[in-house]
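Heads up, the sequence shown is in this note's numbering, so the first residue is 28 and it goes up one at a time.
Ideal placement from N, C-alpha and C gives every residue a C-beta, glycine not left out.
A short write-up of the structure that comes next.
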Amino acid sequence: MRTLALATVSGAALLASGSLTPAARGGLVLRSAVFTPVPKARPVAVDLTPAAYARPASDTGPAGTAPPHPSDDPAPADGPAPADSGEGAVGAAELLAKVAACKPISNGSYRTDESASPSVPVCGMNGAVFWKADLDIDCDGQVTKACNVDTDPWFQGDTAFHTSGDRPLNAEELPYVVVPSRSSLWDFSSSGIKGGGVVAVVHEGKVEYAVVGDTGPAGIIGEASYATAEALGIDPDPKAGGVGSGVTYILFKDSVVSPIESHSAAVAAGQDLAREFLKNN
Numbered sequence: 028m029r030t031l032a033l034a035t036v037s038g039a040a041l042l043a044s045g046s047l048t049p050a051a052r053g054g055l056v057l058r059s060a061v062f063t064p065v066p067k068a069r070p071v072a073v074d075l076t077p078a079a080y081a082r083p084a085s086d087t088g089p090a091g092t093a094p095p096h097p098s099d100d101p102a103p104a105d106g107p108a109p110a111d112s113g114e115g116a117v118g119a120a121e122l123l124a125k126v127a128a129c130k131p132i133s134n135g136s137y138r139t140d141e142s143a144s145p146s147v148p149v150c151g152m153n154g155a156v157f158w159k160a161d162l163d164i165d166c167d168g169q170v171t172k173a174c175n176v177d178t179d180p181w182f183q184g185d186t187a188f189h190t191s192g193d194r195p196l197n198a199e200e201l202p203y204v205v206v207p208s209r210s211s212l213w214d215f216s217s218s219g220i221k222g223g224g225v226v227a228v229v230h231e232g233k234v235e236y237a238v239v240g241d242t243g244p245a246g247i248i249g250e251a252s253y254a255t256a257e258a259l260g261i262d263p264d265p266k267a268g269g270v271g272s273g274v275t276y277i278l279f280k281d282s283v284v285s286p287i288e289s290h291s292a293a294v295a296a297g298q299d300l301a302r303e304f305l306k307n308n
């Protein structure tokens, strides 16, 4: 469980795809207002930036565009998917083999919780940074059935990065990852990590592609949205869910998904970026 209310987060995050709140543009995100639910957006065309190493994608599904979420795909005719599965052809084992060793780029280590000792460095690779930590549940953003002040004692009605309609992200529906606010320990933007950047989250043989969607305390690491946890088979309950260890976060440098709320675009970009990552490391 999170042990620190995320009262403030850094506004220094780049404006890649999700836009920062007005307060963030001035240097600080005040996460206090609670937003009411908004209707689910209709599918829109998606163009990935060249840095995302992906072909133009769309949520509507024509040829040459992003595939639907794997949960929507029928099972293969010859039987169920293998245990080492996830979103795309690059398996969890292949990714984990590349991040077996860490070359620290942070100026020290992060805590996984307020009461824990610093033990998690940010590690550098060609085209990516990564860390291995726990997964605490972030339910912040739009008010939904699963994420609200009643279900989450630490609920905040805003996220550091916003949808294309300038709304907070929907933690119940969108897989996103929380990065530590920039500090002398590590400045994520200096490593080419941006709001809307693509992340491969790996846990127990599964790969879930997500986006950088929020920022958290400067000294704590290891947090992702309700939807990310649920997709990985982790209990997403914001009060008692999450997992204490065994989660690897691989953040691809200079990648941006637009609009940030398109999960299919993140999957399309993630598949290409993961292949590039394996090739270059």
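Coarse secondary structure for residue i, derived from DSSP in three states
{"i": "C150", "result": "strand"}
{"i": "A295", "result": "helix"}
{"i": "R138", "result": "strand"}
{"i": "N197", "result": "strand"}
{"i": "K306", "result": "helix"}
First through last residue of the beta strand (DSSP E) which encompasses residue i
{"i": "G271", "result": "270-279"}
{"i": "K159", "result": "155-165"}
{"i": "H189", "result": "That residue, H189, is in no beta strand (DSSP E); it is neither H nor E in DSSP."}
{"i": "K233", "result": "233-243"}
{"i": "A251", "result": "250-252"}
{"i": "A227", "result": "225-230"}
{"i": "V205", "result": "203-207"}
Reference residue i; option with closest CA among the options
{"i": "I132", "options": "A155, A116, P180, A251", "result": "A155"}
{"i": "G246", "options": "E121, G273, P145", "result": "P145"}
{"i": "A198", "options": "L305, Y253, K280, S142", "result": "Y253"}
{"i": "A295", "options": "K306, V238, G222, N153", "result": "V238"}
{"i": "S191", "options": "G297, F304, I287, L300", "result": "I287"}
{"i": "W158", "options": "K172, V229, V170", "result": "V229"}
{"i": "E303", "options": "D193, C174, S289, A227", "result": "A227"}
{"i": "W181", "options": "D163, G118, L212, G219", "result": "D163"}
{"i": "V170", "options": "D161, H189, A160, P195", "result": "P195"}
{"i": "R209", "options": "D185, V149, D161, L305", "result": "V149"}
{"i": "I261", "options": "D299, D165, N175, V283", "result": "D165"}
Beta-carbon spacing of residue i, residue j below 8 Å
{"i": "V204", "j": "G240", "result": "yes"}
{"i": "A242", "j": "A187", "result": "The amino acid occupying residue 242 in the given sequence is Thr; Ala does not appear at that position. Yes. Within cutoff."}
{"i": "A293", "j": "V225", "result": "yes"}
{"i": "V147", "j": "G249", "result": "yes"}
{"i": "N307", "j": "N153", "result": "yes"}
{"i": "P244", "j": "D179", "result": "no"}
{"i": "I220", "j": "K130", "result": "no"}
{"i": "T255", "j": "P207", "result": "no"}
- Message: I'd like the ranges of any alpha helix (DSSP H) spanning at least 4 consecutive residues and lying wholly in the region 111-136.
- Response: 119-125
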